[in-house]
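Chemist: Here you go, one structure.
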Amino acid sequence: MQAIKASSFHLPRLNPVALITLAAASLIGAPVAIAILTGVIGGGGDAWLHIVSTQLLGYTMTTLAVIGLTATLILLFAVPTAWFVSLNEFPGRGFFEWALILPLAAPGYVLAYAWADAADVAGPIQSLLRDVTGLSARDYWFPSVYSIPGLSFVMASALFPYAYLTARAAFSNLSLCTMEAARSLGASPRRLFLQVALPAARPAIFAGLALALMETAADYGAASYLGVQTLSVGIFRAWHSFSEPAVAARLAVLLILIAFGLQFIERVARGRGGIQQTATRWRTPRRQKLGPVAGWGVAIGCTLVLMLSFVIPVSRLIWVSAETGLGQGQIVRPFLNSLTLALAGSAFAFVLALTITIGARQNRFSQFIGRFAAGAGYAAPGIVLALGALFILSWTGFSVAGPAALIFLVWIYASRFTAAGAEPLNAAFSRAPASLGNAARSLGASRFQRLVRVDLPVAMSGASAAAIILFVETLKELPATLMLRPFNWDTLAVQAFAYASDERLAAATLPSLLITAAGLGPVVLLSLQLTRAGQSRAAG
Amino acid sequence: MSKLQPIHARGVTRRYDGRAVVQDASLTLQPGKITALLGQSGAGKSTLLRLFAGLEPVDAGEILHGDVPVSTVSRHIPAEDRHIGLIFQDFALFPHLNAIDNVSFGLVRQSKDKRRETARHWLDRLGLSHRAKAYPHELSGGEQQRVSIARALAAQPVAILMDEPFSGLDVTLKSEVRRTALAAVAEAGIPALLVTHDASEAMRAADRIAVMSDGVILQEDTPEKLYLEPVSMAVARALGPLRSVRRNALPEKWQAKVPLAETYCLRPEAVRLDPAGDAMLEVVAAQRTSSLIEIELKLTETETIHALALGPFTPGPGDKLAVSLAPEFVFAAR
Chain A
132 MQAIKASSFH
142 LPRLNPVALI
152 TLAAASLIGA
162 PVAIAILTGV
172 IGGGGDAWLH
182 IVSTQLLGYT
192 MTTLAVIGLT
202 ATLILLFAVP
212 TAWFVSLNEF
222 PGRGFFEWAL
232 ILPLAAPGYV
242 LAYAWADAAD
252 VAGPIQSLLR
262 DVTGLSARDY
272 WFPSVYSIPG
282 LSFVMASALF
292 PYAYLTARAA
302 FSNLSLCTME
312 AARSLGASPR
322 RLFLQVALPA
332 ARPAIFAGLA
342 LALMETAADY
352 GAASYLGVQT
362 LSVGIFRAWH
372 SFSEPAVAAR
382 LAVLLILIAF
392 GLQFIERVAR
402 GRGGIQQTAT
412 RWRTPRRQKL
422 GPVAGWGVAI
432 GCTLVLMLSF
442 VIPVSRLIWV
452 SAETGLGQGQ
462 IVRPFLNSLT
472 LALAGSAFAF
482 VLALTITIGA
492 RQNRFSQFIG
502 RFAAGAGYAA
512 PGIVLALGAL
522 FILSWTGFSV
532 AGPAALIFLV
542 WIYASRFTAA
552 GAEPLNAAFS
562 RAPASLGNAA
572 RSLGASRFQR
582 LVRVDLPVAM
592 SGASAAAIIL
602 FVETLKELPA
612 TLMLRPFNWD
622 TLAVQAFAYA
632 SDERLAAATL
642 PSLLITAAGL
652 GPVVLLSLQL
662 TRAGQSRAAG
Chain B
16 MSKLQPIHAR
26 GVTRRYDGRA
36 VVQDASLTLQ
46 PGKITALLGQ
56 SGAGKSTLLR
66 LFAGLEPVDA
76 GEILHGDVPV
86 STVSRHIPAE
96 DRHIGLIFQD
106 FALFPHLNAI
116 DNVSFGLVRQ
126 SKDKRRETAR
136 HWLDRLGLSH
146 RAKAYPHELS
156 GGEQQRVSIA
166 RALAAQPVAI
176 LMDEPFSGLD
186 VTLKSEVRRT
196 ALAAVAEAGI
206 PALLVTHDAS
216 EAMRAADRIA
226 VMSDGVILQE
236 DTPEKLYLEP
246 VSMAVARALG
256 PLRSVRRNAL
266 PEKWQAKVPL
276 AETYCLRPEA
286 VRLDPAGDAM
296 LEVVAAQRTS
306 SLIEIELKLT
316 ETETIHALAL
326 GPFTPGPGDK
336 LAVSLAPEFV
346 FAAR
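Chain order of the listed sequences is A and B.
Read in order, the letters of the first sequence correspond to residues 132 to 671 in the numbering used here.
Read in order, the letters of the second sequence correspond to residues 16 to 349 in the numbering used here.
Here you go:
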């Protein structure tokens, strides 16, 4: 029998976990807070008034149009594919289940370079069209990628897997009892999809869609390359070309409002229904085998989506790269720079994600402050965060061209992506029993022992997914890197952008392909992991 | 301080947002005895358990181990320093540790070999020595709960508190796991608290039962005493089914056997099939529920009573049965 320690008597005191979480949250939230404050408080002067009278409406309407069109395309790409892959059996279903996530590996700006080249007048698609029809270039109309629809298509191609993944999970989680009840009430397959499955999966689909649209609003590389004047492009131009950081900050506030607006719409759309299943005997529905015509039709549809979003643009890049040789431009240095920054950024983001995830388990204050800061950082486009960091750099007197800028860049990566890393860690905890902490306490484990012996090992089961997501996201990041990197310190993303902007697409292909290839491995791994998890859940 | 000491709650109150979820509760957990805390969900049972465990502070009253205060308004020993074992409905096994490592978790002060030996002993005691290397997700629900009980007992706690420990288990597994688990708990000779909403589980498992409703302990006694001498209708209802009838609806001879009241509550055992019975009642409906037959008997056009019977034949509607009254199962409604 162990005696009760007299020293154990104590009054409630300042909680160290809450303090550490608060520190982490401050690190995550500071850049966005500074960008907003500067935008709101700092006067924009005549330049701002000029922007308001000439370009503000254009930037805003263009951004909203791109968001609206991208949303439509994402829903068209993601929802039917997720539905068929989750609940139907058709040729190639197992392949499409994971392959449809592949576009996540290629950033929007890479797809933009590839499609701009592939769909160009001299590109392979129009050449083939002319060869087949015998027409000349002046005889027909061909959609331009350098347009709002073009940018929307590129962004939807790159980002639809977000909505695909959440929709797939929601459809797989539909209760068989609910589906059977609907069937017994005479619902046709069409009605089953439209009136039962789709409303039930709506919150999840909107969650994925909101994420994709925030990324769309945050995009700079693709919009800039395709010449579409979105707010991101306006911010970069105000800062870079016009040297008007105050104007950039004001535009940034507008962009943040749009991002928060998307989150708000997602909350409203989620409604009060949630995705809770009420049937106590819960079984995953068995997949319906489609007939040969419908089955092959669906397979062709999935192939088309995969071809448009990934295979054609990436193949084009490989083709161009092979055609022109790999010797174009310096590649080793940017590759090492990318690797260094991605490793440092993802490591820092991982530590912050772990801190706020574990903090959230301890008390409500830590949970609120951690999630709020991470959410704000994630919603804020990289360009806005970089602006915040630039303000801090200029106030503190550090050189924008010096190594301090690199440290700030790592900080911005962490601020931007911590929320993405925290998701899998949270998921690991949500799979663990709720009473773990209390069980450990009853066995005499102190706060520190619980952290080391319970919380960290439990969180680590989601660590590989978190690390993969963080690494890929930081590797692909362009606008913040473009604004904050020291002179001559190019990453693959920056180099690809610079070459593409100079109309040297051949030189841009290799860094673009390297980014995609680096992202591909982890995405395939993640995709297989998610697919296996789905299969074991269905089996269980 | 010996571990074979009682744990007392004296007038403890716990409030959430100003609302008392446990109100002035007093309860003693005696060494070697299992005390059940019985009540509907929301009655405050789990909160009282958490106060005993030290997972929450008290807003009034005190909790003592022997005569040492462990929770008062101004002082609070945290759960990790109380050496009280906890068993949860969701098992709370550490997912990253296998069964033997889970059981060893609380044995940090022992050498590695001794830890293993102790853990093996407790796994063996709960019939799980062959599952020592299995991870929680590889164990069945019953096995997981036995591992969690082994883990709690291996740490040699001063008491063990169980929060609906068998509710998550399949009906077929439940009685076997409960028997094994509670035998091990009783053998440890420490005070034990079993929180449950299942009256039959409380009566089967516990030496004493405290009935709780709206944060208040209504009555605490042996199962027998509670069943037969409840202090209120709420306690009587918590222990088993009751049928309420007016005095005028009872056959005249039965009215003479029960104390004067306007309304009575009858347990099903109050009415017995008895060839020498002093009343003949008509069967409204009868249903066999495994070994027992539940019979609904007509008293008046609007009132019926229930009876339970053993036997091979189920009577049909309209049959007349001779019955007698066992007045000890009749409570005057107050």
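C-beta atoms are modelled at their ideal positions from N, C-alpha and C, and glycine is treated no differently.
Bear in mind that the values here come from a model prediction, so they are computed numbers and not experimental data.
1. Which same chain residues end up closer than 7 Å to Ile205 of chain A when comparing Cβ atoms and leaving out the 5 residues on each side of it in sequence?
2. Would you say Ile320 of chain B faces chain A, with C-beta separation under 7 Å as the test?
3. Tyr509 of chain A lies in the alpha helix (DSSP H); which residues open and close that run?
4. Which of the three DSSP states is assigned to Lys272 of chain B in this structure?
5. Where are the beta strand (DSSP E) runs, 3 residues long or more, that stay fully inside the segment 88-145 of chain B, in chain order?
6. Does Ser41 of chain B come out as helix, strand or coil in the three-state DSSP assignment?
7. Is there a Cβ from chain A that is less than 7 Å from the Cβ of Asp105 of chain B?
8. Specify, as a first and last residue, the run of the alpha helix (DSSP H) that Asp262 of chain A falls within.
9. Within the continuous beta strand (DSSP E) that includes Phe181 of chain B, where are the two ends?
10. Quick check: what's the CA-CA separation for Asp82 of chain B versus Leu184 of chain B?
11. Give me the subset of the segment 89-102 of chain B whose CB atoms are less than 9 Å from a CB atom of chain A, sorted by chain position.
12. CA-CA distance, Leu101 of chain B and Leu574 of chain A?
13. CA-CA distance, Ala149 of chain A and Ile159 of chain A?
14. With a 10 Å radius around its C-beta and 16 neighbouring C-beta atoms as the bar for buried, classify Met295 of chain B as buried or exposed.
15. From Ile310 of chain B to Tyr150 of chain B, what distance separates their C-alpha atoms?
16. Could you tell me the boundaries of the beta strand (DSSP E) in which Glu311 of chain B lies?
17. Can you find a CB in chain B that lies within less than 7 Å of the CB of Pro465 of chain A?
18. Quick check: Ala250 of chain A and Val276 of chain A, are their CB atoms within less than 7 Å of each other?
19. Identify, in the order they occur along the chain, each residue of the same chain with its Cβ nearer than 6 Å to the Cβ of His141 of chain A, setting aside the five sequence neighbours on each side.
20. If you draw a straight line from the C-alpha of Tyr279 of chain B to the C-alpha of Pro256 of chain B, how long is it?
21. Measure the CB-CB distance between Asn113 of chain B and Lys148 of chain B and report whether it falls below 7 Å.
22. What residues from chain B crowd round Ser577 of chain A, counting only those whose CB sits closer than 7 Å?
23. Excluding five sequence neighbours on each side, which residues of the same chain lie with their C-beta closer than 6 Å to the C-beta of His23 of chain B?
24. Quick one: Cα of Ala40 of chain B to Cα of Thr315 of chain B, how far?
25. Taking the beta strand (DSSP E) that Arg336 of chain B belongs to, which residues open and close that run?
26. Which runs of the beta strand (DSSP E), 3 residues or longer, sit entirely within the segment 594-638 of chain A?
27. Of the choices A:Asp586, A:Ala624, A:Val463, A:Pro162, whose alpha-carbon is the least far from that of Ile489 of chain A?
28. What is the DSSP secondary structure of Val83 of chain B, reduced to helix, strand or coil?
29. Which residue from A:Leu260, A:Lys607, A:Leu448 puts its Cα closest to that of Ala649 of chain A?
30. Less than 8 Å between the CB atoms is what I'm expecting for Thr319 of chain B and Leu312 of chain B, so what's the real figure, rounded?
31. Mapping DSSP to helix, strand and coil, what is Val451 of chain A?
32. Does any residue of chain A bring its CB to less than 7 Å from the CB of His145 of chain B?
33. Relative to the C-alpha of Trp370 of chain A, which candidate in A:Thr647, A:Leu582, A:Phe522 has its C-alpha closest?
34. Could you check the C-alpha separation between Ser228 of chain B and Leu168 of chain A for me, to the nearest Å?
35. From the DSSP output, read off the bridge partner residues of Ala221 of chain B.
36. Counting only the same chain and skipping the five closest in sequence on each side, list residues whose C-beta sits under 7 Å from that of Glu284 of chain B.
Modeler: With the given structure in hand:
1. Residue mapping note: residue 205 of chain A aligns to position 74 of the first sequence, counting from 1. Closer than 7 Å at the Cβ level, and outside the excluded window around Ile205 of chain A, lie Ala287, Leu290, Phe291, Ala294, Leu340, Ala343.
2. Along the second sequence, read from residue 1 onward, the residue named residue 320 of chain B stands at position 305. It does not; no Cβ of chain A falls within 7 Å.
3. Sequence index remark: in the first sequence, residue 509 of chain A carries index 378 (1-based). Here the alpha helix (DSSP H) through Tyr509 of chain A covers 495-510.
4. Stepping through the second sequence from its first residue, residue 272 of chain B is reached at position 257. Coil at Lys272 of chain B, not helix or strand.
5. List check, beta strand (DSSP E) in window: 99-102.
6. The residue labelled residue 41 of chain B in the question sits at position 26 within the second sequence. Strand.
7. Position 90 of the second sequence, counted from the first residue, corresponds to residue 105 of chain B. Chain A, which has a Cβ nearer than 7 Å to the Cβ of Asp105 of chain B, makes this yes.
8. The residue labelled residue 262 of chain A in the question sits at position 131 within the first sequence. Judged by DSSP secondary structure, Asp262 of chain A falls within the alpha helix (DSSP H) whose first and last residues are 255-264.
9. Start at 1 with the first residue of the second sequence, and residue 181 of chain B comes out as number 166. Looking at the DSSP string, Phe181 of chain B is not in any beta strand (DSSP E), and its letter there is neither H nor E.
10. By 1-based counting over the second sequence, the position of residue 82 of chain B is 67. By 1-based counting over the second sequence, the position of residue 184 of chain B is 169. Cα to Cα, Asp82 of chain B sits roughly 37 Å from Leu184 of chain B.
11. Look at the segment 89-102 of chain B: the residues with a C-beta under 9 Å from a C-beta of chain A are Ser89, Arg90, His91, Ile92, Pro93, Ala94, Glu95, Asp96, Arg97, His98, Ile99, Gly100, Leu101, Ile102.
12. On the second sequence, residue 101 of chain B is found 86 positions in, with the first residue counted as 1. On the first sequence, residue 574 of chain A is found 443 positions in, with the first residue counted as 1. Cα-Cα distance, rounded: 8 Å.
13. Start at 1 with the first residue of the first sequence, and residue 149 of chain A comes out as number 18. Start at 1 with the first residue of the first sequence, and residue 159 of chain A comes out as number 28. Approximately 15 Å, taken between the alpha carbons.
14. For this step, residue 295 of chain B is matched to residue 280 along the second sequence. With fewer than 16 other Cβ atoms within 10 Å, it is exposed.
15. Looking up residue 310 of chain B in the second sequence gives position 295. Looking up residue 150 of chain B in the second sequence gives position 135. Rounded to whole angstroms, the separation of the alpha carbons of Tyr150 of chain B and Ile310 of chain B is 49 Å.
16. One-based indexing of the second sequence puts residue 311 of chain B at position 296. Run containing Glu311 of chain B: 307-313, per the beta strand (DSSP E) assignment.
17. The count along the first sequence starts at 1 and reaches residue 465 of chain A at position 334. It does not: the Cβ of Pro465 of chain A has no partner Cβ on chain B nearer than 7 Å.
18. Numbered from its first residue, the first sequence carries residue 250 of chain A at position 119. Numbered from its first residue, the first sequence carries residue 276 of chain A at position 145. Annotated as proximal: Ala250 of chain A and Val276 of chain A, with beta-carbon spacing under 7 Å.
19. By 1-based counting over the first sequence, the position of residue 141 of chain A is 10. Because His141 of chain A sits at a pLDDT of 40, beneath the cut-off of 50, its placement in the model cannot be relied upon, and the following sentence gives the value as read from the coordinates. Contacts found: none.
20. Counting from one through the second sequence, the residue named residue 279 of chain B turns up at place 264. Counting from one through the second sequence, the residue named residue 256 of chain B turns up at place 241. Computed Cα separation, rounded: 13 Å.
21. Working through the second sequence from its first residue, we reach residue 113 of chain B at position 98. Working through the second sequence from its first residue, we reach residue 148 of chain B at position 133. Their beta carbons are under 7 Å apart, which means Asn113 of chain B touches Lys148 of chain B by this criterion.
22. What you label residue 577 of chain A is simply residue 446 of the first sequence in a count that begins at 1. Simply Glu95.
23. Your numbering for residue 23 of chain B matches position 8 in the second sequence. Around His23 of chain B: Thr43, Leu79.
24. In the second sequence, counting from the first residue as 1, residue 40 of chain B sits at position 25. In the second sequence, counting from the first residue as 1, residue 315 of chain B sits at position 300. Cα to Cα, Ala40 of chain B sits roughly 43 Å from Thr315 of chain B.
25. Locating residue 336 of chain B in the second sequence gives position 321, counting from the first residue. The sequence shown places Leu at residue 336 of chain B, not Arg. 335-340 is the span of the beta strand (DSSP E), which, as asked, contains Leu336 of chain B.
26. none
27. Position 358 of the first sequence, counted from the start, is the residue given in the question as residue 489 of chain A. That would be A:Asp586, whose Cα lies nearest to the Cα of Ile489 of chain A.
28. The residue labelled residue 83 of chain B in the question sits at position 68 within the second sequence. Val83 of chain B: strand per DSSP, three-state reduction.
29. Within the first sequence, residue 649 of chain A is the residue found at index 518, counting from 1. Nearest C-alpha to Ala649 of chain A: A:Lys607.
30. Translated into the one-based positions of the second sequence, residue 319 of chain B becomes position 304. Translated into the one-based positions of the second sequence, residue 312 of chain B becomes position 297. Thr319 of chain B to Leu312 of chain B, Cβ: 6 Å. Contact.
31. For this step, residue 451 of chain A is matched to residue 320 along the first sequence. In the structure shown, Val451 of chain A sits in a helix (DSSP, three-state: H, G or I).
32. Counting from 1 along the second sequence, the entry for residue 145 of chain B is found at position 130. Answer no: the Cβ-Cβ gap between His145 of chain B and chain A never drops below 7 Å.
33. For the purposes of this step, residue 370 of chain A is identified with residue 239 of the first sequence, where counting begins at 1. Selected option, being the one with the closest Cα: A:Phe522.
34. In the second sequence, counting from the first residue as 1, residue 228 of chain B sits at position 213. In the first sequence, counting from the first residue as 1, residue 168 of chain A sits at position 37. Spanning the two alpha carbons is a distance of roughly 53 Å.
35. Here residue 221 of chain B is taken as the residue at index 206 of the second sequence, counted from 1. BP columns for Ala221 of chain B are empty, so no partner.
36. Locating residue 284 of chain B in the second sequence gives position 269, where the first residue counts as 1. The residues are Leu323, Ala341, Phe344.
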